[in-house]
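Chains as they are written, first to last, in the numbering used here: chain A, 50 to 584; chain B, 620 to 896.
For glycine and all other residues, C-beta sits at the position ideal for the given N, C-alpha and C.
Every value quoted in this text rests on a predicted model; they were computed, and no experiment measured them.
Structure representation (C-alpha cells):
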C-alpha cells in the first residue's frame, strides 16, 4: 500500500484581507482614465465657477480700472476697494449707528430711567406707497454705557424694543432677554445699568421698586471715563417677496422715537447739560433733521435711526453682499461630476460583468462595498478639498478689489473648505450606495442629482418660496450645504436669512449629520441587497 | 411593374428603421414609467409651487402662467433621462452593434431615434402642461391671484384662462421646451455614450446658468448669461408679464434652446457617423 499524499499547490496561499481588497479597488479606480479625468474636471469646474463669480461680482467701476473689456455702468466717485465697515471688539463687522444723548461718566456709577413709549415710523416708499407708522420688531431705545463715541467701540445697553420686550445687549453680538411685552404709558419699563470696574450689570423693573437682574457682562479694557446716556435707533424695515422667478427686497430706513423720564444717576457725572450726537451720521439713511432729541424739564424725547448690531452680509442684506459661499457656488457642478464617477465606480462592474470576478476574488461582499466606499470617499475628499481651496483662495485674490466682499476670519474659511470636502466625500459614498442598490447608471445618477443637487440649485436664485427651500434643505441630503454657511444667524438682528444670502435652515454640523444619516441608511441597504442578490 | 430589390430597400429603409427603433423603445419597461414620471412630477411640482405662492400686500410679483408651469423645470430632468437612455441603453448592453449591423445607415438610425423620442416627449408634455395650467387655474385664485388684488391683468378677466394668447403661447412653448430638452439630451448622449456622464452633463449645463446668474452682480454679464443659457433663455417662453424687461423675446429664447439642441445633435451625429460603435 502506498500512502496517498494530498496535493498541495506550490503557489503561495493568496491573501484576501481587507488591505488587498482596498488595493484592488484603488487599482480599478486609478486605471480608468475617464474616472480620474472626471475627478479633475470636478476640481476645475468648481474652482473655475468660483473665480468667474468672483470676477463677475466685482464692482464694475473697479473692474473698468483694470482694463476689463466688459463694463457695467461706471459709477463715478464710487469708492473702489473695501469701504470701511467698523469692527466690533470681537473683530466682526458691525453696524454702530444711533442717536446718543450722553454725558461722560468717570469711574463707577449707574443710570436709571423710565421709558413710557417707543414708536416706529418708516421712511421712503414701499412699492410706490409712502411708508407711515410701522412696526419694527427690533427698534431699540434705552440706556447705554459705551467706550466713547467711536464706531465699533465696546458697550453694554439696556433697552426696550419694538416687539421683543426688554433686552440687555453688549458688544454687538451679546443679547439677553428681560421683561416681555410692549412698552406704553400704562405699562412703562424701568431700566438700570450699573458699572463696577469692567463689569456692567443691567436690571429691569415694571414699577421702579422691584428690580430684576437681566445680565452682567465684563467689557475687557473699559477705560475709567466712558460715555453714558440715552439712545434710540431703528433698523431698516425689509420686505422680501419671494415669488417664483422674482425675488424683490425692499429696504426702507425707519426711525424710532422713545420718551424717557425719571432719569437718575449715581457716581461722578458732570452736572452740566446733555450732548446729543448722531453716531455714524454720515451713513444714516434718513435726513439729518429727522433724528435728535429734546428735553422738557426731566422728560426726554429721543429719535434715532440705524442699528447697534453685527452686520449681516449676503444678497439683499445691509452688509457686503458677496460672501465666501458665493465662491463655492460651483460646488453643485463639481458634485455632479463626482457623483457620475462614484456611480460608475459601481455600475461599470455590472455592465462589464467584472462584478462576478470581484466577488469571486473576495466573497465577503460587505467588505467589497466598504473598500469601494473608502476608495471613492477618499478620492472625492481630495478632489473636494482641492476644489474648495482653489475656489476660495483664487476667488478672494480676484475679488479683493471689489467693494462688496464680506471678509471672513481664517478659521471660518478653513471650516468651510474642509466642510465642502467632507460634503463631496460623503455625497460620493451616497452615490456609490445608490448605484449599488439600483445597479443602472442612469437611474442612480438621476436619483443622486435629484436629492442632493437640485435642492441646492433651487435655493440659489432667490425665487422659490422660502418655505419650500427651507423644507428641502432640512430633510434632503442637500442639508449638508449648511457646511458652507459663513456667518452665524443672529436672533436679535432682522435680515434676509435665506440660502442665497448664505444662511441655511440647519446649523452646519446638523446639516452634515442629515447627509451622513442618509448615507448610512443607503450603505446599509446597499450592503444588504448586495449580499442577498445574485451578482 | 417591378421594383428593383435595391430600390425597394432604399424606399422602405426609413420607415423600417423607425419601426425597429419604435419596437425597441416600446418594449423597454423603463420608457413607459419614465413618461408617466415626467407627467406626475411636472404636475406635482407645479401644483406645489402654486400652493406655496403667496401674494404680499404690496401686490403679486409672480407671473401666474410661469408659476403654474414651474413643474417643467423638474420634469425636464426625467425627459433628459428618457432621451439619454434611448441612446446609451444600447451601448451598455452592446445592442448598438446589432442595430448598426441591421441598419448600417447611422444617420438614419439617429434621425429615427430623435423622431420617436421627440414624439413621445411631445405626447407626455401635451398631458403634463395642460394639467399644470389647469392646476394653476384651480389653486392660484385661492392664493390672492385675482384682479382685485391689483394683479396686472392678463387679456381676459379670469387669470389663467386657457383662451389667453400669452398663456396659450406659454403652454405650447413649454411642451416644445421639453421636446428641445429631449433632443439636446439625445445629442449629448450620442456624443458621450455613457448614460451617467450624459445625464450629468445635460443637467449641469441646464442648471449652471441660473445658479451663476443669481450671484453675478454685473448687470451686463447677468443679461448675457441669461441670454445664452439653454434653460434660462428657453424658459422665457413661459413669461406672460413684463415681457419688455426680458433680455430676449419668448420665441427668441426658445430659439436659443433650439440652437443648443441643434448643436448637440450635429456634434452627436458627426461623432456617431465617424466613430466605431
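Taking the C-beta atoms as reference points, residue 850(B) is found nearer than 8 Å to residue 829(B).
Within the stretch 392-425 of chain A, those residues whose Cβ lies closer than 8 Å to any Cβ of chain B are, in chain order, 392, 393, 396 and 400.
The beta carbon of residue 362(A) sits no closer than 8 Å to any beta carbon of chain B.
Take the alpha-carbon of residue 152(A) and the one of residue 360(A): they are about 27 Å apart. In the displayed model, residue 200(A) falls within coil according to three-state DSSP, outside both helix and strand.
For the 8 Å CB-CB criterion, residue 856(B) and residue 872(B) form a contact. Per the Cβ contact rule, the stretch 467-482 of chain A is in contact with the stretch 372-387 of chain A (3 or more Cβ pairs under 8 Å). At least one C-beta of chain B is nearer than 8 Å to the C-beta of residue 516(A). Within the same chain, and ignoring the five residues on either side of residue 421(A) in sequence, the residues whose Cβ sits closer than 7 Å to its Cβ are 74, 394, 395 and 481. Of the candidates 818(B), 640(B), 863(B) and 760(B), the residue whose Cα lies closest to the Cα of residue 695(B) is 818(B).
Pairing residue 401(A) with residue 391(A), the inter-Cα distance amounts to about 16 Å. Judged by DSSP secondary structure, residue 67(A) falls within the alpha helix (DSSP H) whose first and last residues are 67-80. Taking the C-beta atoms as reference points, residue 470(A) is found no nearer than 8 Å to residue 530(A). As for any beta strand (DSSP E) of minimum length 3 sitting wholly inside the stretch 314-353 of chain A, the runs are 324-328, 341-345 and 348-353, ordered along the chain.
Put simply, the stretch 254-262 of chain A does not touch the stretch 271-283 of chain A. Fewer than three CB pairs are less than 8 Å apart. The three-state reading of DSSP puts residue 463(A) in helix, counting H, G and I together.
Contact residues of the stretch 541-571 of chain A toward chain B are 549 (C-beta to C-beta distance below 8 Å). Among the residues of chain B, none has a CB under 7 Å from the CB of residue 583(A); the nearest is roughly 18 Å distant.
Sequence-ordered contacts of the stretch 178-203 of chain A with chain B are nonexistent [C-beta pairs closer than 7 Å]. Of the residues assessed, residue 366(A) falls on the buried side of the cut-off, its CB having 16 or more other CB atoms within 10 angstroms. For a Cβ distance threshold of 8 Å, residue set 834 of chain B lies close to residue 375(A), ordered along the chain. For residue 245(A), the secondary structure class from DSSP, reduced to helix, strand or coil, is strand. Scanning chain B for C-beta atoms nearer than 9 Å to the C-beta of residue 521(A) yields nothing, as the closest lies near 11 Å away. At a Cβ-Cβ threshold of 8 Å, residue 682(B) and residue 790(B) do not count as neighbours. Here residue 147(A) carries a strand assignment [DSSP, helix/strand/coil].
Rounded to whole angstroms, residue 364(A) and residue 653(B) show a C-alpha spacing of 38 Å. Listed along the chain, the chain B residues whose CB falls inside 9 Å of the CB of residue 105(A) are 831, 834, 835, 836, 837, 840, 841 and 844. By the beta-carbon neighbour count (other beta carbons within 10 angstroms, threshold 16), residue 345(A) is exposed.
The beta carbon of residue 334(A) sits closer than 6 Å to those of 302, all from its chain and outside the five residues before and after it, given in chain order. In the DSSP assignment, residue 217(A) falls within the unbroken beta strand (DSSP E) covering 215-219. Going by beta carbons, residue 265(A) and residue 188(A) fall outside the 8 Å limit.
When the alpha-carbon of residue 539(A) is set against those of 198(A), 99(A), 362(A) and 133(A), the nearest one is in 362(A). Residue 645(B) and residue 651(B) have their C-alpha atoms roughly 8 Å apart.
With its beta carbon at least 8 Å from every one in chain B, residue 78(A) lies outside the interface. When the beta-carbon positions are compared, residue 197(A) and residue 317(A) stay at least 8 Å from each other.
Residue contact with chain B for residue 490(A): present (Cβ-Cβ distance below 8 Å to some residue of chain B).
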